[in-house]
Each structure stands twice: as structure tokens, then as C-alpha cells.
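*Asks:* Structure provided below as C-alpha cells; questions to follow.
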Amino acid sequence: MRYEYSETSNRVVRSEIREILKLTRKPGVISFAGGLPDASLFPIEDIVEITRRVLTEKGYLALQYGPTDGEQEFKQAVVEFGERNGERVSPDQLTVISSAQQGIDLLGMLLVDPGSPVVMELPSYLGSIQAFRRLGARMVGVGMDDEGIRMDELAARLDELEAENARPRFLYLIPDFQNPTGITMTVERREAVLELAAERQIPIVEDSPYREIVFEGDRLPSLWTLSGGKGVITLKTLSKMLFPGMRLGWMYGEHDVIEKVIGLKQSVDLCTPSFNQLIVADYFRSGKMAANLVAAIECYRPKAKAMLDAMDRHFPEGVWWSRPRGGMFLWVRLPERVDTKEMFVEAIENRVAYIVGQPFHCDGSGTNTMRLNYSFPSVEQIETGIESLGKVIRSRL
Ligand SMILES: Cc1ncc(COP(=O)(O)O)c(C=O)c1O
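To convert, note that position 189 of the sequence shown is 189 in this note's numbering; the numbers rise steadily by one, no gaps.
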């Protein structure tokens, strides 16, 4: 049979990273390439017990189709969780989604036509770049400094677009412990971005999976909170703060926007599994979520420190890296002449893997960058792996 593929599907290129990741599974390779939570944190016993209870007491609901915007119990749990973390949202500003990636996809479907500009940080989350590319968006990257997106560059890019009469459909931002850089946007920068976006009437999509995993300093107010819920759509997910396996997330936004999203979601998957929502709602009610989050923070803090200390010891002059105060990643910039994709084979030969930074750049730049993950490997692996990586980098300089 000759299948005629859609233009949309033809815009999807198989991620080079997926191919590269296969190499990282070679025995003996210490991998800083993935983005997985530490599985020792998963509250498996609790979930076994809750699952039995949910099936016994509410199996008729759990195994049934549910409302597209989510189970009432789960929505309520999410509202309360938000309040405890300084975020106010009403149930009509909220929809459950099948994790943040679905939220990104739905917002893309809602707001982007082929050729529409979407402005984003440079670098940014690969899954969003892939989703926006599939939609045919014109991605416009804006550089970052250690306080977040650069305001001078942002204003300049917006001026250029305005001169072309090309209005960006939204500004996509990851303010907290950004994937991939680990950088957190300062409060001043958040306020400046909100002011500029309001002035130019550009909605903001705030993607914030790492906000709760803060191991140094305070949690900063979200763009949602600072904006009073105006002009901002916020994506949340359970993936990093609890576990990714149930594919559960939620989205806040102005009521009209959320209604549109729910309409689209209906056509995509009818509803997010009620089974998963009822289990997690029960877990939230058990009060164990907070303790699990503390355990995650206590698990990742020493790992991040071990990585930073090892880098201080083993990485040569001329290499820059971020110093995240939360989240799961840090970012490394090598001198311009070093191509991290070329260097990757040598790293694997030295039994260490990272993720090449260039695909995180919507404009194809960043060939001298890489992302390192510290949440999954053990402290011992981090120390050994960073020493090897230091050697590989030295050999290139
Ligand atoms: C910034 C960002 N957004 C969204 C996602 C997707 O998460 P989820 O598992 O909720 O789909 C990730 C996952 O790594 C991420 O880093």
C-alpha cells in the first residue's frame, strides 16, 4: 500500500537524541543524558494500597469514562495543592491533562497556525520544540542570561516581528529550574516579562514541572501568581514531583481559554484516565505528597552538589556551567570550537554520556553545549562520570 502522509506528520523528524540515547544504554556507561526522576522515590507501597481501595470503593467510577476536564476529586486536590504552594486557582480555570506534554500540544493546536511566530527561550525544552515544529510554527529564540530570558533581546525580537506585522501567538517560558539550563528567572525578570507581554498583548505559556523541587533558596512566585491569572496559561505535571508513569498533569488559564482547551482535548483523547486521577487524589489526601516532595528534594540536593563539586575539580578553564538551585539539570557551555555532537562518541568510549545541547535550540545554534542530568545517577556514578567527562573535555581543548 502507498500511504500518503500528511504535511503535519512530514514535519516530524525522528529525534536524533533518541538514537543517541540508545548508545547510552551500553553496559558500563554512566548516563547524564536522560531526564528521569530517581525511581527509589516512587511511593510504590502506598500506591498498591490506594489502588486496592479505589477499585474496591469506586471501581465503578475509576474504570468508567470521565469528564474531559477531569475528576472532581482530583481537581479539588490540585486546587488545594496549589493553594498550599501559593497559587490560587478556581476549578473553572483548571483542566486536567494527560501530562504537560499533552498541554503543550493542546495549546499549540489552540494558538498556532502554520507560520505563526512562537517566541521562546534559547535553549528550551526539546519536547516543546518538537511539538511546535510539527505544527509548523515559526519559532523565534531569545537568549538567556543567569536571570532568565534576556529582556533587551526579547524586546528587539518583538520589534522585528511587529515591523513585519507578525504577531507572536505566545511567549513560551520555563521560569523555574529550566529544562535544559537549570536557570531560574528572578522575580524582577518575571515582572519585566509580564509587563512587556501585557503591553504588547502577547499571552504567556508558563511550563513549570520543576518548581516544587527547590533545594536552595525560596520558591519564587509563578508567572500565574504575579499576573493574577491574566494573560498567562500555566502547565503543571506530576511527572517530576511524584512520578511520570500515570501521565497526569493540569493546566490553569482564563476560563474562556480553558473551555477551548477542553473542547480540543475531547477530540484528542476524550478524557484523562479516571483510574489514575482517583488514585493520585487519594494520595494527595493522605498528606504524604509533602513528605515525598521533601524526600525528592533531599535526594536531589546532594546529587546536584556532588555534580557541581566534581565539575569544579575536573572541568578545565574555559568551560562555563550553570549552578541550579533546584530541578534536575545543569547546562554546560564549552569553547565555541568544540562540537559536543562530535565529542559524544569519545565520551561513550570513556563510559560517560550527556545530551547534546544543539537540538534544544530552535535556531540550530548551541553546537558547543550539553545538558547534564543529576536526578537519576547515584552520587558515586556522578563522581566517576564527571571525572571521565572532564578528561574527554580536556582532550578537546
Ligand atoms: C519543561 C518541560 N515541560 C514538559 C515536560 C513533559 O512532562 P510530562 O511528563 O508532564 O509530559 C518536561 C519533561 O521533561 C519538561 O522538562
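Even glycine gets a Cβ: it sits at the ideal position worked out from N, Cα and C.
None of the values given here were measured: they were computed from a predicted structure.
When DSSP labels each residue in this structure, what does residue 69 get in the three-state scheme?
*Replies:* Numbered from its first residue, the sequence shown carries residue 69 at position 69. If DSSP states are grouped into helix, strand and coil, residue 69 belongs with coil.
*Asks:* In terms of DSSP beta bridges, what is residue 371 paired with?
*Replies:* By 1-based counting over the sequence shown, the position of residue 371 is 371. For residue 371, which the question treats as bridged, DSSP gives the partners 331, 355.
*Asks:* With distances taken from CA atoms, which of 102, 252, 136 is nearest residue 272?
*Replies:* Translated into positions along the sequence shown, residue 272 becomes position 272. With distances taken between Cα atoms, residue 272 lies closest to 102.
*Asks:* How is residue 379 classed by DSSP in three states: helix, strand or coil?
*Replies:* For this step, residue 379 is matched to residue 379 along the sequence shown. The answer is helix: DSSP assigns residue 379 an H, G or I state.
*Asks:* Thinking C-alpha only, which one of 151, 4, 347, 49 is nearest residue 197?
*Replies:* Taking the sequence shown and counting its residues from 1, one reaches residue 197 at position 197. When each option's Cα is compared against that of residue 197, the closest is 151.
*Asks:* Helix, strand or coil, according to DSSP, for residue 157 in the structure here?
*Replies:* Taking the sequence shown and counting its residues from 1, the one referred to as residue 157 is at position 157. It is helical.
*Asks:* Is the beta carbon of residue 252 closer than 7 Å to that of residue 33?
*Replies:* To locate residue 33, count along the sequence shown from 1; it is residue 33. To locate residue 252, count along the sequence shown from 1; it is residue 252. Their beta carbons are not under 7 Å apart, which means residue 33 does not touch residue 252 by this criterion.
*Asks:* Rounding to the nearest angstrom, what Cα-Cα distance links residue 269 and residue 54 in this structure?
*Replies:* Within the sequence shown, numbered from 1, the residue matching residue 269 stands at position 269. Within the sequence shown, numbered from 1, the residue matching residue 54 stands at position 54. Taking the straight line joining both Cα atoms gives about 23 Å.
*Asks:* Which two residues bound the contiguous alpha helix (DSSP H) that contains residue 269?
*Replies:* Taking the sequence shown and counting its residues from 1, the one referred to as residue 269 is at position 269. Residues 255–269.
*Asks:* Using alpha carbons as the reference points, say which of 375, 383, 329 lies closest to residue 298.
*Replies:* Along the sequence shown, read from residue 1 onward, the residue named residue 298 stands at position 298. The residue with the shortest Cα to Cα distance from residue 298 is 375.
*Asks:* Based on DSSP bridge pairs, tell me the residues matched to residue 139.
*Replies:* Counted from its first residue, the sequence shown places residue 139 at position 139. Paired residue(s): 118.
*Asks:* Let me know the secondary structure DSSP gives residue 283 once reduced to three states.
*Replies:* In the sequence shown, counting from the first residue as 1, residue 283 sits at position 283. Looking at residue 283 - three-state DSSP - the assignment turns out to be helix.
*Asks:* Tell whether a beta-carbon distance below 7 Å holds between residue 293 and residue 212.
*Replies:* Residue 293 sits at position 293 when you count from the first residue of the sequence shown. Residue 212 sits at position 212 when you count from the first residue of the sequence shown. Yes, the pair counts as a contact, with Cβ atoms nearer than the cut-off.
*Asks:* By alpha-carbon positions, which one of 248, 244, 341, 4 ends up nearest to residue 38?
*Replies:* Taking the first residue of the sequence shown as position 1, residue 38 is located at position 38. Answer by Cα proximity: 244.
*Asks:* Would you check if the segment 333–350 and the segment 254–264 touch, i.e. whether three or more CB-CB distances between them fall below 8 Å?
*Replies:* No, the segment 254–264 does not touch the segment 333–350.
*Asks:* Among all residues, which have a Cβ less than 6 Å from at least one non-hydrogen atom of ligand 1, and in what chain order do they fall?
*Replies:* Every residue passing the under-6 Å Cβ criterion appears here: 35, 99, 100, 101, 125, 127, 174, 179, 207, 209, 237, 239, 244, 249.
*Asks:* Which residue from 19, 394, 329, 387 puts its Cα closest to that of residue 35?
*Replies:* Start at 1 with the first residue of the sequence shown, and residue 35 comes out as number 35. The option with the nearest alpha carbon to residue 35 is 329.
*Asks:* Which residue marks the beginning of the beta strand (DSSP E) containing residue 342, and which one marks its end?
*Replies:* Residue mapping note: residue 342 aligns to position 342 of the sequence shown, counting from 1. Residue 342 -> not in any beta strand (DSSP E); alpha helix (DSSP H) instead, spanning 340–349.
*Asks:* Taking residue 369 as the reference, which of 351, 382, 320 has the closest Cα?
*Replies:* Counting from one through the sequence shown, the residue named residue 369 turns up at place 369. That would be 320, whose Cα lies nearest to the Cα of residue 369.
*Asks:* Please confirm if the segment 13–31 is in contact with the segment 140–158, defined as three or more CB-CB distances below 8 Å between the two stretches.
*Replies:* Counting Cβ pairs under 8 Å, fewer than three are found: no touch.
*Asks:* Out of 359, 314, 192, point me to the one whose CA is closest to residue 395's CA.
*Replies:* The sequence position of residue 395 within the sequence shown is 395, counting from 1. Of 359, 314, 192, the residue nearest in Cα terms is 314.
*Asks:* Find the nearest neighbour of residue 174 within the set 123, 154, 131, judged by alpha-carbon distance.
*Replies:* Indexing the sequence shown from 1 puts residue 174 at position 174. The shortest Cα separation from residue 174 among 123, 154, 131 belongs to 123.
*Asks:* Can you tell me whether residue 170 is helix, strand or coil according to DSSP?
*Replies:* Sequence index remark: in the sequence shown, residue 170 carries index 170 (1-based). It is a strand residue.
*Asks:* Going by Cα to Cα distance, which pick from 133, 223, 67, 367 is closest to residue 193?
*Replies:* The sequence position of residue 193 within the sequence shown is 193, counting from 1. It is 223.
*Asks:* Determine the contact status of residue 95 and residue 69, defining contact as a CB-CB distance below 7 Å.
*Replies:* Residue 95 sits at position 95 when you count from the first residue of the sequence shown. Residue 69 sits at position 69 when you count from the first residue of the sequence shown. Against a cut-off of 7 Å, the Cβ pair of residue 69 and residue 95 comes out as a contact.
*Asks:* Just the Cα atoms here: how many angstroms apart are residue 91 and residue 157?
*Replies:* In the sequence shown, counting from the first residue as 1, residue 91 sits at position 91. In the sequence shown, counting from the first residue as 1, residue 157 sits at position 157. Straight-line Cα distance between these residues: approximately 36 Å.
*Asks:* Tell me where the beta strand (DSSP E) around residue 251 begins and ends.
*Replies:* Here the question's residue 251 lines up with position 251 in the sequence shown. First-last of the beta strand (DSSP E) with residue 251: 249–252.
*Asks:* If you run the structure through DSSP and keep just helix, strand and coil, what is residue 387?
*Replies:* Along the sequence shown, one-based indexing puts residue 387 at 387. Reduced to three states, the DSSP call for residue 387 is helix.
*Asks:* Flag this pair as yes or no: are the beta carbons of residue 166 and residue 117 separated by less than 7 Å?
*Replies:* Along the sequence shown, read from residue 1 onward, the residue named residue 166 stands at position 166. Along the sequence shown, read from residue 1 onward, the residue named residue 117 stands at position 117. Against a cut-off of 7 Å, the Cβ pair of residue 117 and residue 166 comes out as a contact.
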